[in-house]
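Undergrad: The following block contains the structure, expressed as structure tokens.
Residue numbers (this note's numbering): 1 to 211.
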């Protein structure tokens with residue numbers, strides 16, 4: 001195996017990431033919606049649920065484009081903690097490259113709180129470990145994508161929550177794309193994992209420029 005490939009496979013980075021977004025819906029409704037992975041999945045371009053193992057475990061795939069490179073990951077998401085009183089939920093997400101040896105693992109803790117009149121703020125803390133080819137890309141390629149992912153997910157969530165009272169969850173789901181698309185330039189559990197990866201890559205790029 002060439003030395004460069006060995007170094008790529010050995011590269012492993014860990015980081016804690018914090019992000020949040022806000023939607024115009026009561027905290028109770030947002031909480032119930034975000035816990036339903038099958039309803040959230042259509043807001044995750046590039047992500048596809050492949051199996052519901054049980055009520056707390058899911059399997060899926062994610063395709064991410066970084067420049068000329070297209071990376072396909074398959075993995076599993078498990079709900080490890082759920083506190084109804086504090087509106088806190090913790091997921092453990094693990095993924096591996098379908099055609100490589102890279103891996104990604106994240107512990108994702110999300111908390112919801114009321115924000116103004118009928119508004120909800122979602123705060124997320126992610127402990128992420130990343131290895132393989134994805135770790136070599138810099139911030140110029142992914143900084144805009146990271147910002148758009150947050151906005152796109154929040155917008156999609158807002159749209160579906162707003163549509164639900166009139167048409168119900170089934171109509172809201174019917175409006176979602178039937179075919180998952182790769183993340184261009186590169187959503188609660190799977191999206192958070194991949195958004196966190198992109199933010200980590202941006203930090204890596206910044207470090208390499210100053211080093």
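Ideal placement from N, C-alpha and C gives every residue a C-beta, glycine not left out.
Is it buried or exposed, residue 53, if we count other Cβ atoms within 10 angstroms and call 16 or more buried?
TA: Residue 53 should be labelled exposed.
Undergrad: Excluding the five sequence neighbours on either side, which residues of its own chain have a C-beta within less than 6 Å of the C-beta of residue 51, listed in chain order?
TA: 59
Undergrad: What's the gap between the Cα of residue 75 and the Cα of residue 115?
TA: 33 Å
Undergrad: Does residue 162 come out as helix, strand or coil in the three-state DSSP assignment?
TA: helix
Undergrad: Mind listing, in chain order, the continuous beta strand (DSSP E) runs of no fewer than 3 residues lying wholly within the stretch 64-128?
TA: 69-83, 88-97 and 103-114
Undergrad: Which residue spans inside the stretch 27-55 form an unbroken beta strand (DSSP E) run of at least 3?
TA: Fully enclosed beta strand (DSSP E) runs of 3 or longer: 47-54.
Undergrad: Just to confirm my understanding: we take residue 57, look at its own chain, exclude 5 residues before and 5 after, and list those with CB closer than 6 Å. What are they?
TA: 78
Undergrad: Would residue 73 and residue 48 be called neighbours here (beta carbons separated by less than 8 Å)?
TA: In this structure, residue 73 keeps its C-beta atom at 8 Å or more from the C-beta atom of residue 48.
Undergrad: Quick check: what's the CA-CA separation for residue 82 versus residue 99?
TA: 34 Å
Undergrad: Can the beta-carbon of residue 131 be found closer than 8 Å to that of residue 95?
TA: In this structure, residue 95 does not lie closer than 8 Å to residue 131 by Cβ.
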